[in-house]
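Chains A and B, in that order, give the protein sequences. Numbering-wise, my numbering puts 406 at position 406 of the first sequence, and it's gapless, one number per residue. Just remember that my numbering sits 637 ahead of the position in the second sequence, which is counted from 1. C-beta: ideal position from N, C-alpha, C; glycine also. First the structure, in the form of structure tokens, and then the observations on it.
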Amino acid sequence: MQQPTLGPHLTSWLLTYPDTYEVGLPNQGLQILYELLNERPDSSAERTYAPWIDLEAEMRAHGLPLFSVDTHRAAGEFDVIAFNLSAELVYTNVLNCVDLAGLEVRSSRRNDADPLIGAGGHCAFNPEPLADFVDFFVVGDGEEVVGEITEVVGAWKRAGKRAGTREGVLRELAGIEGVYVPAMYDVAYDGAALVEVTPKYPDVPPLVAKRTVADLADWPYPRQQLVPVTEVVHDRLSVEVFRGCTRGCRFCQAGMITRPVRERPAAQVREMISTGLKRSGYDEVSLMSLSTADYSGIAELVRDTVSAGALETAGADAKRISVSLPSLRVDAFTVDVAAQVSRARRTGLTFAPEAGSWRLRQILNKLITEEDLYGAVRSAYSQGWHRMKLYFLTGLPSEMDPDTEAIAHLAETCARIGQEYTKRASVTVSLGGFVPKPHTPFQWFGQNPPDELARKVRLVRSALGRNRRVQLKWHDPAASTAEGIASRGDRRVGAVIEYVWRRRGTFQEWSERFDLGLWEEAMAASGLSLDWYVYRHRGESEVLPWDHIGAGLHRDFLWQDWQDALAGHGLPDCRWTPCYDCGACTEYGIEHIVASPVAPNGGSQGTGQDLATGHLVPVELRPRRLASAGASAGGGA
Amino acid sequence: MRLRVRFSKTGKIRFIGHRDVARVTERAVRRVGLPVAYSEGFSPRMKMSFGLALPTGYESDGEFVELPLIADAVVEGSAPGGGDQGVSGPVIVCQTDAHRPCEHEPESSAPSYCTVAEALSEALPVGMEVSAAVLTDGRGPSLQAATRSCGWQFDIVGLDPAAAEKAVAEFLAAGTVVTERVHKGETVSSNVRPSVEVLQVVGCSDRGAVLSAVLSATPRVVRPSELVPALAPAHEMGIARRTHQWTCGAAGRAEPAVPATCAQKHKELISG
Ligand code: SF4
Chain A
1 MQQPTLGPHL TSWLLTYPDT YEVGLPNQGL QILYELLNER PDSSAERTYA
51 PWIDLEAEMR AHGLPLFSVD THRAAGEFDV IAFNLSAELV YTNVLNCVDL
101 AGLEVRSSRR NDADPLIGAG GHCAFNPEPL ADFVDFFVVG DGEEVVGEIT
151 EVVGAWKRAG KRAGTREGVL RELAGIEGVY VPAMYDVAYD GAALVEVTPK
201 YPDVPPLVAK RTVADLADWP YPRQQLVPVT EVVHDRLSVE VFRGCTRGCR
251 FCQAGMITRP VRERPAAQVR EMISTGLKRS GYDEVSLMSL STADYSGIAE
301 LVRDTVSAGA LETAGADAKR ISVSLPSLRV DAFTVDVAAQ VSRARRTGLT
351 FAPEAGSWRL RQILNKLITE EDLYGAVRSA YSQGWHRMKL YFLTGLPSEM
401 DPDTEAIAHL AETCARIGQE YTKRASVTVS LGGFVPKPHT PFQWFGQNPP
451 DELARKVRLV RSALGRNRRV QLKWHDPAAS TAEGIASRGD RRVGAVIEYV
501 WRRRGTFQEW SERFDLGLWE EAMAASGLSL DWYVYRHRGE SEVLPWDHIG
551 AGLHRDFLWQ DWQDALAGHG LPDCRWTPCY DCGACTEYGI EHIVASPVAP
601 NGGSQGTGQD LATGHLVPVE LRPRRLASAG ASAGGGA
Chain B
638 MRLRVRFSKT GKIRFIGHRD VARVTERAVR RVGLPVAYSE GFSPRMKMSF
688 GLALPTGYES DGEFVELPLI ADAVVEGSAP GGGDQGVSGP VIVCQTDAHR
738 PCEHEPESSA PSYCTVAEAL SEALPVGMEV SAAVLTDGRG PSLQAATRSC
788 GWQFDIVGLD PAAAEKAVAE FLAAGTVVTE RVHKGETVSS NVRPSVEVLQ
838 VVGCSDRGAV LSAVLSATPR VVRPSELVPA LAPAHEMGIA RRTHQWTCGA
888 AGRAEPAVPA TCAQKHKELI SG
């Protein structure tokens, strides 16, 4: 068990996940920083999670502040309260936690000696909606930068956090690479339009470039994964096998902002699995990444993990170690991998074709053919699975009704294939409304309004008819709108978040707590238009609220990829084909770390390889910068 | 062959539920490397059976779990027999001789303990300590079926011991004591008097009078909290702690496993 060391000489961090313990505990980013900060001689870290509404009511009734789960220390006593932002709908919870800590939610109103409020995680790539509340954001990988922040905050602490020095420490933090301090920037608008975000001082960088850990081998964390005593969402050992993904799916923010691909050496992965299982007592390990089947040597790794004797597993019967592979690409889920995974317990299987038709998948650059999907599904059913989940997005650029209806056709065919193997075969279709994300080629696209998303859900439902083998589940279209406000919002959206929070709009990612009416009311009260922020297409020259945050990607690369998308042109995976200079490596002098020169399980993605399934290479490659200039952002709305 | 383990649940850990206790125990067994048998089928689970479920929030000195061992487990220590009660000596159980815990390479992270009780205590969360581990032949009824009554200790907030003495005397003199409890969302009332085998005031904590009780587990398990409305309607129960789970052995009241150091006291309790 890890015990944070305490002491007045240490810079103390309260790492906060702004959702429940059950959801937040497994978060690997938070666990990595927790361990790193506790290892440092000059810092200590504790954790906390958002108290659910019943506990919050008790805490407020008894005058108890937000406290750490480690030592029950009050949040207000820490030097830094740092939030992990993995989804936009947690923003109101961030404000609630700051308030529960006994602090002013607006940065400008906090006192000199109050804790500094920090935030990191994927949502920090558009920090503007929380800019009025958070003192500093960390953009990109946190492993190195938390140490640099500790040094600055530690010096401030040792100097006594005297009155009038808060501004100075913030300015110093703004000088750290990858740290964004919103108070150090002026924002100019022209009516509804954003004109520019500029630094107030010459020593504050105009562009905050993300941090990237060059080699995962240097960071074998978490070494001591936290083992919860109550049930949590991912109750298993997690080992990150690589970071970054260059498959190039155009809707996927994670794949764009975490480039390049950095694989962990196979020997280190094995070591982390073996010691992790021994330490934790888990019997299941999840091999984490954005697309685990792309890991070099994945089949051998899975085989060795589930094989008795290949890894010493502290006396437990090694045959009982099961492996779960989240984010499986269907073109990489071969019978071989299926057989390996199924030797242990069968956990649920989820595939994400994302779109129903090949035409639309080309636009997404999710280049999976129907044959790829059916092959994977066949592999799974033949190895004893009988239930699987297919994940789709709707409301995608250029989506037309036949594309939407094709979802039903895919699902029904999968279920029919299953029937060949087992009477119990069933398929669950999970349908989410597409929310365009910053730093992706789709960042210019106008999101579908809720009624349009709802219509598309109905379309799939009626196309499925009475098929009892296929269940349809969908994400609340109204929640996609609220997510859209926060996803591409600018600093003015802060008022909306505060409004929703002040009216008890917490835990908005929980369907039973979500209330679109509150968000619409807040937008109206703040004089902001949903159409402007969410539903409108953006043009090439528009200043975007996150233009001063650098994910490494050249803006003209993203725009070109957006135009290529609309023209239906694919882009190959640069880890196995030549670099097309998106900027992620070239800007920072780093490169892919990938052990295998080819995609380990086939999967063409423009690589020109022969696929095991034998069909054609499905990508039409074209020279860059030749796309027709007139392609319009044809939305499905 | 089964391993029967007695453990405590005190402090913060008392707030985890019964299913969480099972999960935590399963992981601890794997960390120690005990050769416990698994169920067959698509989703093999570790076989384990617990005594009577402890209400969440209650402490305990007397929780039990039985773990069936695989057929070729290497076992050393107090042999089964003598009925299904045993007083623990050091018990070593390992997968094979090569896995014997005390012979692990010294630089490895494996515990250097020789007994199951010590190794499991180390692997369990703070607040769950193993006080005894004994081997049984695995015959006889399940722990749950065998348990006849439970020993409890609980305090009543703000009640002084003298008032408690009076209330207990009145309670024991009455033929019928009807109290209410919420069961599956409905309020039901029942006569709890027949379930109370022993009830006495034993001291005072910083919250109030401390009572000790033996409450029968059949036909249903009566909890100490059900007695409080009858004993002191204006007061609330503080912390309750299960001290024993009593079975009915040949020699009268007995426990499934008793810590070695308590064996003497245990004998006195039975005879007393
Ligand atoms: S810079 Fe080149 S190699 Fe690196 S991610 Fe971008 S396209 Fe791929």
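Any C-beta of chain B sitting closer than 9 angstroms to the C-beta of residue i?
i, result
"A/K278", "yes"
"A/E370", "no"
"A/V229", "yes"
"A/D114", "no"
"A/D235", "yes"
Buried or exposed: residue i, going by 16 or more other Cβ atoms within 10 Å of its Cβ?
i, result
"B/S676", "exposed"
"A/L207", "exposed"
"A/H439", "buried"
"A/N96", "buried"
"A/M400", "exposed"
"B/L809", "exposed"
"A/R468", "exposed"
"B/C885", "exposed"
"B/H579", "It is not possible to answer for residue 579 of chain B, since the shown part of chain B is limited to 638 through 909."
"A/E452", "buried"
"A/D353", "Rather than Asp, the amino acid found at residue 353 of chain A in this sequence is Pro. A/P353 should be labelled buried."
"A/R492", "buried"
"A/H548", "buried"
"B/P778", "exposed"
"B/A665", "buried"
"A/E655", "With chain A represented from 1 up to 637, any question about residue 655 of chain A goes unanswered, as that position is not in the structure."
"A/W532", "exposed"
"A/K473", "exposed"
"B/A804", "buried"
Pull up the CB-CB distance for residue i and residue j, whole angstroms please, since I reckon it's below 8 angstroms.
i, j, result
"A/L130", "A/P115", "Their Cβ separation, rounded to whole angstroms, is 16 angstroms, which puts A/L130 and A/P115 out of contact at 8 angstroms."
"B/T647", "B/E696", "5 angstroms"
"A/A351", "A/L396", "The displayed chain sequence assigns Phe, not Ala, to residue 351 of chain A. At roughly 17 angstroms, the Cβ-Cβ gap does not stay under 8 angstroms, so A/F351 and A/L396 are not in contact."
"A/S296", "A/P326", "Actually they do not touch by this definition, with Cβ atoms about 18 angstroms apart."
So with CB distances below 7 angstroms, who are the chain B contacts of residue i?
i, result
"A/D664", "The displayed coordinates of chain A run from 1 to 637. Any statement about residue 664 of chain A would go beyond what the structure contains."
Bridge partners of residue i, per DSSP?
i, result
"B/I793", "B/M874"
"A/P199", "A/Y185"
"B/K646", "B/S697"
"B/C885", "B/R890"
"B/V825", "B/R818"
"A/T16", "A/T48, A/F83"
"A/Y391", "A/S430"
Of all Cβ atoms in chain A, is any one closer than 9 angstroms to the Cβ of residue i?
i, result
"B/I653", "yes"
"B/E663", "yes"
"B/D709", "no"
"B/I876", "no"
"B/R785", "no"
"B/R639", "no"
"B/R844", "no"
"B/I793", "no"
"B/R857", "no"
"B/R830", "no"
"B/R660", "yes"
"B/V642", "no"
Interface residues of chain A around residue i at Cβ under 7 angstroms?
i, result
"B/P762", "V229"
"B/R890", "Those do not exist, as B/R890 stays about 33 angstroms from chain A at its closest Cβ, beyond 7 angstroms."
For residue i, which residues in chain A fall below 8 angstroms Cβ to Cβ?
i, result
"B/D657", "V229, T230, E231"
"B/R818", "Going along chain A, no residue has its Cβ under 8 angstroms from B/R818, so there is no contact; the nearest lies around 22 angstroms."
Within the present structure, is the beta-carbon of residue i separated from the nearest heavy atom of the ligand MN by less than 8 angstroms?
i, result
"A/C249", "Only the ligand SF4 can be found as ligands here, which leaves the ligand MN out of the picture."
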